[in-house]
Amino acid sequence: MHDVDKIIAEIDRAQDEIVALTCDLVRIPTVNPPGEFYDDCARLLGDRLAGFGFDVDYIDADGRPEHTAAFPRVNVIGHRGRRGAGAGPVVHLNGHIDVVPAGDGWTVDPFAAVVREGRIYGRGTCDMKAGIAAAVFAAEAIRRAGVTTPGAIEISGTVDEESGGFAGVAHLAEIGRIKRGRTDYVIIPEPLNVDRICVGHRGVYWFELTTRGRTAHGSMPFLGVSAIDGMNEAIAAIRRELEPILITRATAMPVVPDGARHATININAIDGGQPIDGIQTPCVADRCRAVFDRRFLIEEGFASAKDEIVAVVRRALASMTGIDHEIRDLMVVEPVMTPRDSPVVTAVDAAIRRVLATNARLVASPGTYDHKHVARIAGIPHCIAYGPGELELAHQPDEYCRVDHLVAATKVMALATLDLLRGVN
Ligand SMILES: [Zn+2]
Numbered sequence: 020m021h022d023v024d025k026i027i028a029e030i031d032r033a034q035d036e037i038v039a040l041t042c043d044l045v046r047i048p049t050v051n052p053p054g055e056f057y058d059d060c061a062r063l064l065g066d067r068l069a070g071f072g073f074d075v076d077y078i079d080a081d082g083r084p085e086h087t088a089a090f091p092r093v094n095v096i097g098h099r100g101r102r103g104a105g106a107g108p109v110v111h112l113n114g115h116i117d118v119v120p121a122g123d124g125w126t127v128d129p130f131a132a133v134v135r136e137g138r139i140y141g142r143g144t145c146d147m148k149a150g151i152a153a154a155v156f157a158a159e160a161i162r163r164a165g166v167t168t169p170g171a172i173e174i175s176g177t178v179d180e181e182s183g184g185f186a187g188v189a190h191l192a193e194i195g196r197i198k199r200g201r202t203d204y205v206i207i208p209e210p211l212n213v214d215r216i217c218v219g220h221r222g223v224y225w226f227e228l229t230t231r232g233r234t235a236h237g238s239m240p241f242l243g244v245s246a247i248d249g250m251n252e253a254i255a256a257i258r259r260e261l262e263p264i265l266i267t268r269a270t271a272m273p274v275v276p277d278g279a280r281h282a283t284i285n286i287n288a289i290d291g292g293q294p295i296d297g298i299q300t301p302c303v304a305d306r307c308r309a310v311f312d313r314r315f316l317i318e319e320g321f322a323s324a325k326d327e328i329v330a331v332v333r334r335a336l337a338s339m340t341g342i343d344h345e346i347r348d349l350m351v352v353e354p355v356m357t358p359r360d361s362p363v364v365t366a367v368d369a370a371i372r373r374v375l376a377t378n379a380r381l382v383a384s385p386g387t388y389d390h391k392h393v394a395r396i397a398g399i400p401h402c403i404a405y406g407p408g409e410l411e412l413a414h415q416p417d418e419y420c421r422v423d424h425l426v427a428a429t430k431v432m433a434l435a436t437l438d439l440l441r442g443v444n
């Protein structure tokens with residue numbers, strides 16, 4: 020029997036164990052915000068990795084303000100294989116252990132991990148605890164099959180991806196635990212569908228626009244200048260002048276769904292005048308703030324995306340006497356894209372063809388994920404997202420992952436890891 024067949028047989032034999040590990044992880048409600056039970060989840064994963072022959076380290080996000088006694092940010096990382104120069108490549112499989120709040124609309128308990136009709140239900144099944152279980156058993160199947168390779172496999176469970184990943188992958192990259200020269204290939208099993216390889220994402224620019232006017236008695240609004248009117252004009256100009264241009268721009272990156280191939284802008288939040296739930300007094304609003312989410316294309320670049328917004332808002336408000344405004348950057352994430360001829364793309368592509376007998380589709384994510392830290396801070400060019408679960412089910416009520424997809428993704432990750440360790444690309 021060939022190594023590949025042995026590994027596939029081990030994964031088929033381990034199906035119930037893979038499902039059970041997914042369920043165990045889902046039953047720890049690692050809800051973010053605020054970041055609950057990270058320690059318990061990291062220990063569960065670490066114990067499992069230790070049992071499967073990994074050296075395990077727990078790495079707190081020391082120095083990060085969100086790492087508190089009430090909500091400690093605990094990451095876990097396991098290493099199995101050789102170390103040091105000449106030992107061979109290091110393949111790193113990284114999953115985030117946090118999940119978004121369950122929200123309303125569930126027909127099952129979101130943290131019970133109910134298995135029914137070939138699906139595992141629960142918050143975090145698809146995004147992305149099934150992916151973590153797949154990573155663990157991809158590595159374990161190689162071991163159980165008795166297949167030896169050069170290099171090493173690392174598996175990490177990291178915190179806070181849903182809130183930016185700063186105490187998670189970014190922290191591991193900053194302290195050099197994940198970095199170019201030490202880590203060769205990174206696979207992040209986010210739920211991008213079992214036959215798709217995600218090579219990157221668009222850029223993100225979050226900014227806060229503040230307008231300021233002059234307050235007056237609400238019975239004589241003509242004596243004041245409404246900051247809300249100013250904001251209204253700025254938003255109208257963005258809708259009127261900017262949006263028609265953004266929709267005409269499309270990236271060459273294979274972003275899914277189709278609508279996300281364009282540049283977009285969204286208003287995340289708005290707040291003006293008095294607190295709306297407070298006791299009201301008759302006042303003209305002297306202040307209004309809104310937070311915008313501009314997704315920019317690799318072809319646009321951040322500087323031009325920002326310049327364009329600044330110009331539109333300035334023009335819109337120029338004729339409004341008594342209105343001042345200010346734009347403040349909240350977050351900038353540059354677009355990332357792994358080249359299509361990267362060995363990690365080639366290896367996963369070949370494994371998908373082998374396991375699923377179909378051609379893989381290269382996609383880019385509509386939203387950002389931890390790839391940005393791997394690329395920007397760790398400096399590793401060879402990173403993709405591939406894992407079980409359907410993208411559209413992430414963050415939804417009745418989130419689930421199909422068991423057959425979980426098993427297939429485990430096989431794909433195992434075979435791709437084997438190829439990368441052996442350097443057959
Ligand atoms: Zn995710």
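Positions 20 to 444 (this note's numbering) are the ones given, in order, by the sequence shown.
Note that CB positions come from ideal geometry on N, CA and C, so glycine has one too.
Return helix, strand or coil for Asp305, following the three-state DSSP convention.
Position 286 of the sequence shown, counted from the first residue, corresponds to residue 305. Asp305: coil per DSSP, three-state reduction.
May I ask whether a heavy atom of ligand 1 can be found less than 6 Å away from the beta carbon of Met20?
Residue mapping note: residue 20 aligns to position 1 of the sequence shown, counting from 1. Outside the cutoff, so no.
State yes or no: is the C-beta of Asp277 within less than 7 Å of the C-beta of Val178?
The residue given as residue 277 occupies position 258 in the sequence shown. The residue given as residue 178 occupies position 159 in the sequence shown. Not in contact: Asp277 and Val178 (Cβ atoms no closer than 7 Å).
Can you look up His401 in the DSSP assignment and give me helix, strand or coil?
Mapped onto the sequence shown, residue 401 falls at position 382. Coil.
Considering just the uninterrupted stretch of the alpha helix (DSSP H) at Gly150, what are its terminal residues?
The sequence position of residue 150 within the sequence shown is 131, counting from 1. Membership of Gly150 in the alpha helix (DSSP H) is indicated by the continuous run Ala149 to Arg163.
Between Val422 and Arg92, how many whole angstroms is the CB-CB distance? I'm expecting something under 8 Å.
As a first step, residue 422 must be located in the sequence shown, where it is residue number 403. As a first step, residue 92 must be located in the sequence shown, where it is residue number 73. So it is not a contact: roughly 31 Å between Cβ atoms.
Among all residues, which have a Cβ less than 5 Å from at least one non-hydrogen atom of ligand 1, and in what chain order do they fall?
Working through the chain, the matches are Asp146, Met147 and Glu209.
Does the beta-carbon of Ala322 have 16 or more other beta-carbons within 10 angstroms, so that it is buried, or is it exposed?
Here residue 322 is taken as the residue at index 303 of the sequence shown, counted from 1. By the neighbour-count rule (16 or more Cβ atoms within 10 Å), Ala322 is not buried but exposed.
Looking at the strands, I want to know which residues DSSP matches up with Glu345.
To locate residue 345, count along the sequence shown from 1; it is residue 326. The partner list for Glu345 (beta bridge, DSSP) reads Thr229.
Quick one: which unbroken beta strand (DSSP E) runs of 3-plus residues sit fully inside the stretch 308-382? Chain order, please.
343-352
Using only the alpha-carbon positions, how far apart do Gly237 and Ser338 sit?
By one-based count along the sequence shown, residue 237 stands at place 218. By one-based count along the sequence shown, residue 338 stands at place 319. So the two alpha carbons sit approximately 23 Å from each other.
Closer than 7 Å by C-beta to Asn212: which residues in its own chain qualify, once you throw out the five before and the five after it? Chain order, please.
Mapped onto the sequence shown, residue 212 falls at position 193. Excluding residues within five positions, the ones whose Cβ falls inside 7 Å are Glu409 and Leu410.
Taking C-beta to C-beta, are Gly184 and Thr357 nearer than 7 Å?
Position 165 of the sequence shown, counted from the start, is the residue given in the question as residue 184. Position 338 of the sequence shown, counted from the start, is the residue given in the question as residue 357. For Gly184 and Thr357, no; Cβs fall outside 7 Å.
Would you be able to state if there are at least three C-beta pairs under 8 Å between the stretch 421-441 and the stretch 162-170?
For the pair of segments examined, the stretch 162-170 was found to touch the stretch 421-441: the number of CB pairs separated by less than 8 Å reaches three.
Give me the residue from Ile257, Thr283, Ala88 and Glu319 with the minimum Cα distance to Ala330.
Taking the first residue of the sequence shown as 1, we reach residue 330 at position 311. Considering only alpha carbons, the answer is Ile257.
Assign Pro129 to one of two classes, buried (16 or more other C-beta atoms within 10 Å of its C-beta) or exposed (fewer than that).
Residue 129 sits at position 110 when you count from the first residue of the sequence shown. With 16 or more other Cβ atoms within 10 Å, it is buried.
Which of helix, strand or coil does DSSP assign to Asp423?
Locating residue 423 in the sequence shown gives position 404, counting from the first residue. DSSP places Asp423 in helix when its eight states are reduced to three.
Whole-angstrom Cβ separation of Gly176 and Asn94, contact assumed at under 8 Å?
Translated into the one-based positions of the sequence shown, residue 176 becomes position 157. Translated into the one-based positions of the sequence shown, residue 94 becomes position 75. That belief holds up - the Cβ atoms of Gly176 and Asn94 are roughly 7 Å apart, short of 8 Å.
Suppose the cutoff is 7 Å on Cβ atoms and the five residues either side in sequence are ignored; what does the same chain contact list for Leu440 look like?
Counting from one through the sequence shown, the residue named residue 440 turns up at place 421. The answer, listed in chain order, is Gly107, Pro108, Val110, Thr168, Pro169 and Gly170.
Quick check on the burial criterion: 16 or more other C-beta atoms within 10 angstroms. Buried or exposed for Asn18?
The question about residue 18 has no answer, for the chain in this structure spans 20 to 444.
For the alpha helix (DSSP H) containing Ala288, list its first residue and its last residue.
The residue labelled residue 288 in the question sits at position 269 within the sequence shown. Careful: Ala288 lies outside any alpha helix (DSSP H), inside the beta strand (DSSP E) at Thr283 to Gly291.
By the three-class DSSP mapping on this structure, what secondary structure does His86 have?
Here the question's residue 86 lines up with position 67 in the sequence shown. Three-state DSSP puts His86 in coil, outside helix and strand.
Would you decide whether Gly249 is buried or exposed? Buried here means 16 or more other CB atoms lie within 10 Å of its CB.
Start at 1 with the first residue of the sequence shown, and residue 249 comes out as number 230. Buried is the call here.
With distance defined between alpha-carbon atoms, name the residue in Pro301, Ala246, Gly122 and Asp214 nearest to Leu381.
For the purposes of this step, residue 381 is taken as the residue at position 362 of the sequence shown. With distances taken between Cα atoms, Leu381 lies closest to Asp214.
Run through DSSP, which three-state label would Val23 get?
Looking up residue 23 in the sequence shown gives position 4. Here Val23 sits in helix by DSSP.
Quick check: what's the CA-CA separation for Asp343 versus Ile317?
As a position in the sequence shown, residue 343 is number 324, starting the count at 1. As a position in the sequence shown, residue 317 is number 298, starting the count at 1. For Asp343 and Ile317, the distance between alpha carbons rounds to 32 Å.
Give me, in chain order, the residues of the same chain whose beta-carbon lies closer than 7 Å to that of Gly122; leave out the 5 immediate sequence neighbours on both sides.
Residue mapping note: residue 122 aligns to position 103 of the sequence shown, counting from 1. Sequence-distant Cβ neighbours of Gly122 in its own chain, meaning closer than 7 Å and more than five residues away, are Pro416.
What number of angstroms, rounded off, separates the C-alpha of Ile30 from the C-alpha of Phe156?
In the sequence shown, counting from the first residue as 1, residue 30 sits at position 11. In the sequence shown, counting from the first residue as 1, residue 156 sits at position 137. Going by the C-alpha atoms only, they are around 7 Å apart.
Find out if the Cβ-Cβ distance for the pair Asn51, Glu181 is shorter than 7 Å.
Counting from 1 along the sequence shown, the entry for residue 51 is found at position 32. Counting from 1 along the sequence shown, the entry for residue 181 is found at position 162. Closer than 7 Å, so yes.
Tell me the DSSP secondary structure of Ala269 in three-state form.
Position 250 of the sequence shown, counted from the start, is the residue given in the question as residue 269. Strand.
Do you know offhand how far Arg196's Cα is from Asp35's?
Stepping through the sequence shown from its first residue, residue 196 is reached at position 177. Stepping through the sequence shown from its first residue, residue 35 is reached at position 16. Rounded to whole angstroms, Arg196 to Asp35 spans 32 Å at the Cα level.
Does the contact criterion of 3 or more C-beta pairs under 8 Å hold for the stretch 197-210 versus the stretch 399-408?
yes
Excluding sequence positions up to five away, which residues of its chain have a Cβ less than 7 Å from the Cβ of Gly386?
In the sequence shown, the residue the question calls residue 386 occupies position 367. Correct list, in chain order: His220.
How would you label Arg32, buried or exposed, when you count the other beta carbons within 10 angstroms and need 16 or more for buried?
As a position in the sequence shown, residue 32 is number 13, starting the count at 1. By the neighbour-count rule (16 or more Cβ atoms within 10 Å), Arg32 is not buried but exposed.
Taking the straight line between their C-alpha atoms, what separation do you get for His390 and Ala154?
Indexing the sequence shown from 1 puts residue 390 at position 371. Indexing the sequence shown from 1 puts residue 154 at position 135. Using only the alpha carbons, I get a separation of about 17 Å.
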